[in-house]
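Read top to bottom, the protein sequences are chains V and Z.
Residue 25 is where the first sequence starts when you use the numbering used here, and the numbers rise one by one after that.
Residue 25 is where the second sequence starts when you use the numbering used here, and the numbers rise one by one after that.
Glycine included, every Cβ here is placed at the ideal spot set by N, Cα and C.
Small disclaimer: the values here were computed from a predicted structure and weren't measured.
Before any comments, here is the structure.
Protein chains: 2
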Amino acid sequence: MSETINDKPGAIRPDFAKQDGLIAAIAQCVHTREVLMLAWMNEEAYDETLATGRAVYYSRSRKKLWRKGEESGNQQVVHDIRIDCDRDAVLLWVDQKGGAACHEGFSSCFFRKMTEKGASHEVIGERVFDPKAVYKK
Amino acid sequence: MSETINDKPGAIRPDFAKQDGLIAAIAQCVHTREVLMLAWMNEEAYDETLATGRAVYYSRSRKKLWRKGEESGNQQVVHDIRIDCDRDAVLLWVDQKGGAACHEGFSSCFFRKMTEKGASHEVIGERVFDPKAVYKK
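Structure follows, in structure tokens:
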């Protein structure tokens with residue numbers, strides 16, 4: 025087949041310039057393949073994730089690095105990092121400590137399913153932890 | 025457990041106001057759970073996806089609706105739509121017609137795996153089709 029991937033030899037890097045310094049990062053459970061969450065990384069978060077093997081994101085609301093699990097203890101141990109064709113998104117295969125990625129206590133942030141062509145929805149996830157007990161604010 | 029999900033009864037909608045009218049949309053294969061791609065939806069794309077059962081995105085580069093497969097024929101038949109906790113991302117479970125979501129001809133856009141802590145990478149995907157044959161430009 026013809027070759028159209030324009031990779032230079034060696035390392036490729038995400039293109040942080042495209043989206044105000046940020047790339048999208050999808051976390052997927054390495055064991056079950058459940059999609060856990062979508063978050064953002066700036067270059068510092070990406071490099072720290074690669075260096076430490078723990079998922080580090082950039083919180084757009086708090087405007088600072090977000091070392092996943094720093095408050096809840098539920099770290100994400102990174103097994104694999106994949107980068108997409110246009111280099112503005114990465115896919116992490118993670119081992120989610122504590123079993124829940126979502127701050128609402130569900131394994132996945134995608135715990136609501138749209139029904140009736142979007143006219144309704146149902147909660148399909150089961151709570152792994154009680155957010156009020158984990159985030160003692 | 026305590027209830028902290030602030031859903032009103034009935035339908036919830038994505039929050040399009042948060043990101044310049046766009047939400048992130050992850051497409052995942054309904055059969056294999058492979059994460060296929062990350063794209064964007066504006067409200068019109070979201071509503072058309074719900075109404076038609078085919079994935080419709082918004083192309084930020086072309087600044088218009090992108091009915092996935094309109095050029096390649098490789099539509100995505102949508103089985104499930106899930107919405108995340110803060111309502112700025114959706115997860116689609118799709119049946120990817122033609123077997124490849126990526127315009128480069130791979131099943132997934134995430135066909136490159138970072139190695140050596142990001143100092144190198146390898147192509148892990150296998151090409152399903154030849155992009156030059158499908159996109160006749």
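8 Å Cβ cutoff, G142 of chain V in contact with chain Z: Chain Z contact via Cβ: present.
Contacts around S26 of chain V, its chain only, beta-carbon distance under 7 Å, and the 5 residues preceding and following it disregarded: Its pLDDT being 40, under 50, S26 of chain V is placed unreliably in this model, and the value from its coordinates should be taken loosely. Closer than 7 Å at Cβ, skipping near neighbours: no residue.
Local conformation of T73 of chain V per DSSP, three classes: Note: T73 of chain V maps to helix in three-state DSSP.
Three or more C-beta pairs below 8 Å linking the segment 140-147 of chain Z and the segment 125-138 of chain V: Output reads no: the segment 125-138 of chain V does not touch the segment 140-147 of chain Z.
Per DSSP, cross-strand counterpart(s) of R37 of chain Z: According to DSSP, R37 of chain Z shares a beta bridge with no other residue.
Integer Cβ distance of D119 of chain V from V54 of chain V, believed to fall under 8 Å: Right, their Cβ atoms sit about 6 Å apart.
8 Å contact criterion, which F135 of chain Z and G149 of chain Z should meet: CB distance rounded: The beta-carbon distance between F135 of chain Z and G149 of chain Z, rounded to whole angstroms, is 3 Å. This is short enough to meet the 8 Å contact definition.
C-alpha gap between W90 of chain Z and A79 of chain V, whole angstroms: Their Cα atoms are separated by approximately 32 Å.
Reduced DSSP category for K141 of chain V - H, G, I as helix; E, B as strand; rest coil: Note: K141 of chain V maps to helix in three-state DSSP.
C-alpha gap between D112 of chain V and N66 of chain Z, whole angstroms: The alpha-carbon atoms of D112 of chain V and N66 of chain Z are separated by roughly 18 Å.
Run of the alpha helix (DSSP H) containing V54 of chain V, from where it starts to where it stops: It is not in any alpha helix (DSSP H) - V54 of chain V carries neither H nor E in the DSSP assignment.
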